[in-house]
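Here is the structure we will look at.
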Amino acid sequence: MSSPEAAAADTRRVLVVGASVAGVRTVQALRGAGFTGTISVLGAETHFPYDKPPISKGMLAAEGTGEPVPLLADEDVAQLGVELRLGASAVRLDPAQKVVTTDDGSNHAYDVLVIATGASARRLPGTEHLAGVHTLRNADDAARLRSELAPGRQAVVIGAGFIGAEFAAAARAWDVDVTVVEAQQNPLAHLLGDRVGAELGRLHEMHGVHLLTGVTTERLVGEDRVTAVELSDGRVLPADLVVVGIGAEPATAWLEGSGLPIGNGIDCEASLEVTGFPGVYAAGDVARPMHSLYGEPVRIEHWTNANDHAAIVASSILCSPVPRPALPYVWSDQYGQRIQIIGLPSRGELVFTRGSVESGELVAAYAGSDGVLVGALVLGNPRMLMKCRKAVMGSVHHADFERDVFAPS
Ligand SMILES: Cc1cc2nc3c(=O)[nH]c(=O)nc-3n(C[C@H](O)[C@H](O)[C@H](O)COP(=O)(O)OP(=O)(O)OC[C@H]3O[C@@H](n4cnc5c(N)ncnc54)[C@H](O)[C@@H]3O)c2cc1C
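Basically the working numbering = 1-based index in the sequence shown + 26.
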């Protein structure tokens, strides 16, 4: 079934669970391809579908309104002919009966299921009772955090990953006193290595952040509200608020007992059909598909991946040719600078860097043992990112890339 006529004659009921970028873009892709069957979307949050990246950027900016950025216009919902149920959390899947149950006890039958439930922020166990301890994954988190930002307050950020770093940058713009605590010797060292991690660490320090690395959190201090963070080396950091940025986990708890293959995300084929479950698809942060560029399953928590998955899922559902997966790509905005990463640097070693965070431009390239580029980080130079993308995609040797791009003309 691959022609527009066939899509138009398709009367299957599609149920999408998760109303964020992967879910919403899947609906748009299906309708864009002419699919006329019923589409329903279940979204746990009560907000109209909105985009997640602005949560740690514009939504925390003092000059902004603090409102989420919608993924759709109101009128798009009517135009798409989709039933959008917000504040409806899926709590159970029965794949044999093809039914999803939501937290109000109602059952939702489907012919085709798309699971796009994303990921949930990891929390520090035993801190649930403490006010002032935050994670940053959704619009409500951002609103709560925003209300805590004021000049002179002391924030401790646990984890110097993308979310912790973006929060630190946003909080410095409010003149909050920020300390970032990172277990590794340098931020993002597990992805980018120590040398580049140290550069990113300097970016924090240039903006007045106290960066403490190679140290972990022993416990949070406070009775009802957090007052301090005690570190593994005995230091105690006073804290008005704490942001826990220690990663996210695929939101699959509701699928317990369904029999779906779940480990680090939902195992699926390159087509995003869940392995062994015809008619069930996974997309976005929750999916761990076979990645045809890498020949092994890869789960990716980046916006463009979720966006690209929508086109793949829609094509798979409609039995159209599935688009080739793109190289992994992520951006992060920190202190007015854009950091961009293409490919998977962690699959290689750092082979060269040019520039520095102080100069406002940095490129770091990574290659496998055969010298072929596998990834790159670029700061402040979007054109360089394009060149790196082309080189990684084209399996260029790092020495050729360096010569062609940097040789004096
Ligand atoms: C604060 C923040 C900043 C980010 N910044 C960047 C960035 O700068 N660059 C970048 O590349 N990526 C960024 N990302 C990552 C990017 O936003 C995600 O990769 C993308 O949102 C994943 O989309 P998704 O639709 O798969 O999942 P999500 O966006 O996580 O959405 C999943 C949705 O499913 C809902 N849901 C979960 N469980 C259920 C259930 N049981 N029933 C019904 N609904 C459910 C959730 O409420 C959620 O709205 C950021 C993420 C966050 C959180």
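All C-beta atoms in this analysis are idealised placements derived from N, C-alpha and C, irrespective of residue type, glycine included.
Just checking residue i against ligand 1 - is the residue's beta carbon closer than 7 Å to any of the ligand's heavy atoms?
i, result
"Ser-82", "yes"
"Gly-283", "no"
"Ile-189", "yes"
"Asn-164", "yes"
"Thr-52", "no"
"Val-356", "yes"
"Leu-56", "no"
"Thr-143", "yes"
"Ala-45", "yes"
"Leu-344", "no"
"Asp-120", "no"
"Glu-327", "yes"
"Pro-351", "no"
"Trp-280", "yes"
"Ser-115", "yes"
"Asp-311", "yes"
Can the beta-carbon of residue i be found less than 8 Å from the beta-carbon of residue j?
i, j, result
"Val-183", "Val-207", "yes"
"Phe-193", "Val-269", "yes"
"Glu-275", "Ser-258", "no"
"Leu-175", "Leu-263", "no"
"Ala-309", "Val-339", "yes"
"Ala-336", "Arg-51", "yes"
Between residue i and the rest of its own chain, which residues show a CB-CB distance below 6 Å, the 5 nearest in sequence each way excluded?
i, result
"Ala-186", "Val-206, Glu-208 and Pro-213"
"Asp-203", "Gln-180"
"Arg-57", "Leu-106"
"His-233", "Arg-198 and Tyr-361"
"Ala-195", "Gln-360 and Tyr-361"
Please find out if some non-hydrogen atom of ligand 3 comes closer than 7 Å to the beta-carbon of residue i.
i, result
"Glu-71", "Within the structure as shown, ligand 3 is missing, the only ligands being ligand 1."
If I measure Cβ to Cβ from residue i and keep anything under 7 Å in the same chain, skipping five residues before and after, which residues do I get?
i, result
"Gly-63", "Asp-36, Thr-37, Arg-38, Arg-39 and Val-40"
"His-423", "Gly-397 and Val-398"
Report the option in the options whose CA atom is closest to the CA atom of residue i.
i, options, result
"Gly-84", "Pro-323, Ile-338, Arg-172 and Val-159", "Arg-172"
"Ala-34", "Leu-344, Leu-175, Glu-174 and Ser-358", "Leu-344"
"Ser-421", "Ala-337, Leu-399 and Val-43", "Leu-399"
"Gly-305", "Leu-286, Glu-322 and Met-316", "Leu-286"
"Tyr-76", "Arg-148, Asp-120, Val-95 and Asp-359", "Val-95"
"Pro-349", "Asn-133, His-134 and Asn-331", "Asn-331"
"Gly-394", "Gly-369, Trp-280 and Asp-311", "Gly-369"
"Ser-297", "Gly-44, Asp-250 and Ser-346", "Ser-346"
"Ser-342", "Ala-59, Ser-46, Val-47 and Glu-31", "Ala-59"
"Ile-367", "Asp-396, Arg-415 and Ala-425", "Arg-415"
"Pro-323", "Asn-290, Asp-334, Ala-352 and Ala-391", "Asn-290"
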